[in-house]
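One line per chain: the protein sequences are A and B, in this order. If you're matching positions, the first sequence starts at 8 in the numbering used here and goes up one per residue. If you're matching positions, the second sequence starts at 233 in the numbering used here and goes up one per residue. Don't be surprised by glycine CBs; every beta carbon is placed ideally from N, CA and C. What follows is a short report on a single structure.
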Amino acid sequence: MKAEDIWAMLEDVTDPEVPVLTVVDLGVVREVIHLEGNHWKIIITPTYTGCPAMQVIEDDIKARLKEDNIVADVELVLSPAWTTDWLSQDGRRKLEEYGITPPQDEGDKSVLFGKRPEIPCPLCKSRNTRLISQFGSTACKAHYQCNDCQEPFDYFKCLK
Amino acid sequence: MTKQEALFEFLLRKADDSLIIGHRLSEWCGHGPILEEDIALTNISLDLIGQATELYKYAAEVEGKGRTEDDLAFLRIEREYKNVLLVEQTNGDFGKTIVRQFFFDQFEHLLYEGLMNSKDERIAAIATKTIKEIKYHLRHSGEWIIRLGDGTEESHNRVQESVTFLSRYLDEMFYQDEADKILIKEGIIPDVMTFKAEFHRNIETILEEATLKLPEENYQLSGGRKGVHTEHLGFLLAELQYMQRTYPGMEW
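As structure tokens, this is what we get:
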């Protein structure tokens, strides 16, 4: 059993809220460490501090590895802090196909009321969209509507 | 007071701040004025409770008496909670909730920016994570204050009343005692007095754009950091602690 094998298994573990993404796509799995025999340590980092999906992700990781007789200790580390930059390119593509616009470069967010970045519609790709709410169905998403095709959609918020 | 005791005290204070205001926001669940705000307030609540959890976890480790983050959050009595009085104030109308959040977010932003440079690695890690979320909270409360203050006559009057009322609780956020002095000396926390002027400039700028004013006479209330709370905390804890007290040791 090699680390690559464990990483391959982890690609079967999907985000409970956005099932097209794997925990590897999200950049939530930071390290895979062999302890001894079939005992491995998986280091993960939370996205948002209050993200309720983390517990499910932890349980799912243990369950998936158990299928291959691996005993996994899952450890949560806070540092370095997760950022949407860690979302894989594949992950970004999958999000868009699923109907959620992936994080866009939003510039400096410390500017309180600066110009809002243009968020493209995942359906018709128009940039003529408007923000409905900064907080969507989950902590990580905001809610938008396309002014052109009228499609309401979620936006995976940029966290940097 | 030892450094360890000072650190525990500080962590408890900040964890309690986040837990209590997080709990207050959770009271809006299902009662928001519009769906988007119901979702916004509860999302912010989740962020804050998550932050409190991280702080309580570390506090429990620092205390070293075998207590868990849940013991700290749910099983203390009123006088043992060290949150500032601002966060335990009732939600009132949507405007009052926004004003309370606005004052809190503006302070937290400056504090956590400072905590990112803490010599304590765990605190720096928590702060680096937390600041990203605080920026979203800041935008939310700041934009709403302007919309409500510079809104209709009714929204303006209601929010002005809330600003006057809650302004009594601003100074307490800058409370400092022996615990703070020890931690400042060790480079673990910033000296909040160094950004007090900036804090006031920031809130006054936004209040001005919202056509709102702080009251003339500066009457300030405090006591929370010493465990001396307003009449509201008892009722809040009765709800917060109900399940743990009724079914001790219960788990989901």
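What's the call for A/V118, buried or exposed, on a 16-neighbour Cβ count within 10 Å?
-> For the purposes of this step, residue 118 of chain A is taken as the residue at position 111 of the first sequence. Because the pLDDT of A/V118 is 46, which lies under 50, any placement of that residue in the model is unreliable, and the number read from its coordinates should be weighed accordingly. Of the residues assessed, A/V118 falls on the exposed side of the cut-off, its CB having fewer than 16 other CB atoms within 10 angstroms.
Contact the region 318-332 of chain B vs the region 356-371 of chain B: 3+ CB pairs below 8 angstroms | No: the two stretches stay apart, fewer than three of their Cβ pairs being nearer than 8 angstroms.
B/F431 versus B/I355: straight-line alpha-carbon distance, rounded | On the second sequence, position 199 is the one that residue 431 of chain B refers to. On the second sequence, position 123 is the one that residue 355 of chain B refers to. For the pair B/F431 and B/I355, the Cα-to-Cα distance works out to about 22 angstroms.
Proximity test, Cβ basis, 8 angstroms: A/S117 and chain B = In the first sequence, counting from the first residue as 1, residue 117 of chain A sits at position 110. Reliability fails at A/S117, whose pLDDT of 47 lies under 50, so the model's placement of it is uncertain and the value that follows must be treated cautiously. Answer yes: the Cβ-Cβ gap between A/S117 and chain B drops below 8 angstroms somewhere.
Closest Cβ-Cβ distance between B/D352 and chain A: below 8 angstroms?
-> Here residue 352 of chain B refers to the residue found at position 120 of the second sequence. Not a single C-beta of chain A is nearer than 8 angstroms to the C-beta of B/D352.
Interface residues of chain B facing A/Y55 [CB-CB closer than 8 angstroms] | Within the first sequence, residue 55 of chain A is the residue found at index 48, counting from 1. Identification of chain B residues near A/Y55 by a Cβ-Cβ cut-off of 8 angstroms yields L278, D279, G282 and E365, ordered along the chain.
First through last residue of the alpha helix (DSSP H) which encompasses B/V331 | The residue you call residue 331 of chain B lines up with position 99 of the second sequence. In the DSSP assignment, B/V331 falls within the unbroken alpha helix (DSSP H) covering F326 to L347.
Using CA coordinates, which residue listed in A/K132, A/E11 and A/V31 is at the minimum distance from A/R64?
-> As a position in the first sequence, residue 64 of chain A is number 57, starting the count at 1. Reading the sequence as shown, one finds Ile at residue 64 of chain A and not Arg. Taking each of A/K132, A/E11 and A/V31 in turn and checking the Cα distance to A/I64, the smallest one comes out for A/V31.
Does DSSP put B/K289 in a helix, in a strand, or in coil?
-> As a first step, residue 289 of chain B is located in the second sequence; it is residue number 57 there, counting from the start. Helix at B/K289.
Could you round the C-beta distance between A/T91 and B/D279 to whole angstroms and report it? I think they count as a contact, below 8 angstroms.
-> The residue given as residue 91 of chain A occupies position 84 in the first sequence. The residue given as residue 279 of chain B occupies position 47 in the second sequence. Your pair A/T91 and B/D279 does not check out as a contact, with CB atoms roughly 16 angstroms apart and the cut at 8 angstroms.
Could you check where the alpha helix (DSSP H) with A/K69 kicks off and where it finishes?
-> In the first sequence, counting from the first residue as 1, residue 69 of chain A sits at position 62. Under the DSSP assignment, A/K69 falls in the alpha helix (DSSP H) whose first and last residues are A60 to E74.
So is B/Y344 in contact with chain A if we call contact Cβ pairs under 8 angstroms?
-> For the purposes of this step, residue 344 of chain B is identified with residue 112 of the second sequence, where counting begins at 1. Chain A contact via Cβ: absent.
Check whether the region 412-429 of chain B touches the region 464-475 of chain B, counting contact only when three or more Cβ pairs, one atom from each stretch, lie closer than 8 angstroms.
-> Under the 8 angstroms Cβ criterion, the region 412-429 of chain B does not count as touching the region 464-475 of chain B, having fewer than three qualifying pairs.
Name, in chain order, the residues that DSSP records as bridge partners for A/C153.
-> The count along the first sequence starts at 1 and reaches residue 153 of chain A at position 146. Under DSSP, A/C153 takes part in a beta bridge, and its partners are A/T136.
Would you grab the beta carbon distance between A/F142 and B/N275 for me? Rounded to a whole angstrom, and I think it's under 8 angstroms.
-> Start at 1 with the first residue of the first sequence, and residue 142 of chain A comes out as number 135. Start at 1 with the first residue of the second sequence, and residue 275 of chain B comes out as number 43. Indeed they touch by this definition, with Cβ atoms about 4 angstroms apart.
Three-way DSSP call (helix, strand, coil) for A/V78 in this model = Numbered from its first residue, the first sequence carries residue 78 of chain A at position 71. Strand.
Could one say the Cβ of A/F160 lies closer than 8 angstroms to chain B's Cβ atoms, at least one of them?
-> Within the first sequence, residue 160 of chain A is the residue found at index 153, counting from 1. Taking Cβ atoms only, chain B never reaches closer than 8 angstroms to A/F160, which makes this a no.
Helix or strand or just coil, what does DSSP make of A/Q13?
-> Numbered from 1 along the first sequence, position 6 holds the residue referred to as residue 13 of chain A. According to the sequence as given, residue 13 of chain A is Ile; it is not Gln. In this structure, DSSP gives A/I13 a helical state, which the three-state scheme calls helix.
Below 8 angstroms CB to CB, which residues in the same chain sit around B/K428 once its five sequence neighbours on both sides are set aside?
-> Taking the first residue of the second sequence as 1, we reach residue 428 of chain B at position 196. Cβ neighbours of B/K428 within its own chain (closer than 8 angstroms, five residues either side excluded): F406.
Considering only residues of the same chain and omitting the five flanking positions on each side of B/S258, which have a CB-CB separation below 6 angstroms?
-> As a first step, residue 258 of chain B must be located in the second sequence, where it is residue number 26. These residues qualify, in order along the chain: S277.
N- and C-terminal bounds of the beta strand (DSSP E) containing A/D161 | Mapped onto the first sequence, residue 161 of chain A falls at position 154. It spans P159 to F163 - the beta strand (DSSP E) in which A/D161 sits, taken as one unbroken run.
In three-state terms, what does DSSP make of B/V294?
-> Here residue 294 of chain B refers to the residue found at position 62 when the second sequence is read from its first residue. In the structure shown, B/V294 sits in a helix (DSSP, three-state: H, G or I).
Backbone secondary structure at B/D440 - three-state DSSP = Within the second sequence, numbered from 1, the residue matching residue 440 of chain B stands at position 208. The residue asked about is misnamed: residue 440 of chain B is Glu in this sequence, not Asp. In the three-state scheme derived from DSSP, where H, G and I count as helix and E and B as strand, B/E440 is classed as helix.
Using a cut-off of 9 angstroms between C-beta atoms, extract the partners of B/H372 located in chain A.
-> Locating residue 372 of chain B in the second sequence gives position 140, counting from the first residue. Listed along the chain, the chain A residues whose CB falls inside 9 angstroms of the CB of B/H372 are Q141 and F142.
Output yes if chain B places a C-beta closer than 8 angstroms to the C-beta of A/L94; else output no.
-> Here residue 94 of chain A is taken as the residue at index 87 of the first sequence, counted from 1. Not one chain B Cβ lies under 8 angstroms of A/L94.
For A/T21, name the three-state secondary structure that DSSP assigns.
-> For the purposes of this step, residue 21 of chain A is taken as the residue at position 14 of the first sequence. Strand at A/T21.
Out of A/A60, A/V84 and A/K69, which has the shortest C-alpha to C-alpha gap to A/I50?
-> For the purposes of this step, residue 50 of chain A is taken as the residue at position 43 of the first sequence. Minimum Cα distance to A/I50 is reached at A/V84.
Distance, B/D303 Cα to B/Y479 Cα | Sequence index remark: in the second sequence, residue 479 of chain B carries index 247 (1-based). Sequence index remark: in the second sequence, residue 303 of chain B carries index 71 (1-based). Going from the Cα of B/Y479 to the Cα of B/D303 covers about 13 angstroms.
For B/L251, collect the residues of the same chain with a Cβ closer than 7 angstroms to its Cβ; drop the 5 residues on either side in sequence, then sort them by chain order.
-> Taking the second sequence and counting its residues from 1, one reaches residue 251 of chain B at position 19. Excluding sequence neighbours, B/L251 sits near I281, A284 and A305.
Where the alpha helix (DSSP H) containing B/H388 begins and where it ends = Position 156 of the second sequence, counted from the first residue, corresponds to residue 388 of chain B. B/H388 -> alpha helix (DSSP H) spans E385 to L398.
CA nearest to the CA of B/L446, picked from B/D412, B/K458, B/G381 and B/H464 = Sequence index remark: in the second sequence, residue 446 of chain B carries index 214 (1-based). Comparing Cα positions, the closest option is B/G381.
Looking at the C-beta of A/K167, does it have a partner C-beta in chain B at a distance below 8 angstroms?
-> Along the first sequence, one-based indexing puts residue 167 of chain A at 160. Interface residue, yes.
Residues that B/T362 contacts on chain A, provided the C-beta gap is smaller than 7 angstroms | Position 130 of the second sequence, counting from 1, holds the residue named residue 362 of chain B. Against chain A, a Cβ distance below 7 angstroms from B/T362 picks out T56.
CA-to-CA distance, A/D66 to B/F339, given in whole angstroms | As a first step, residue 339 of chain B is located in the second sequence; it is residue number 107 there, counting from the start. As a first step, residue 66 of chain A is located in the first sequence; it is residue number 59 there, counting from the start. Our two residues, B/F339 and A/D66, have alpha carbons roughly 37 angstroms apart in a direct line.
On the three-state DSSP scale, how would you describe B/V316?
-> The residue you call residue 316 of chain B lines up with position 84 of the second sequence. Three-state result, B/V316: coil.
In whole angstroms, what is the alpha-carbon distance linking A/Q96 and A/C131?
-> The count along the first sequence starts at 1 and reaches residue 96 of chain A at position 89. The count along the first sequence starts at 1 and reaches residue 131 of chain A at position 124. Rounded to the nearest angstrom, the two C-alpha atoms are 20 angstroms apart.
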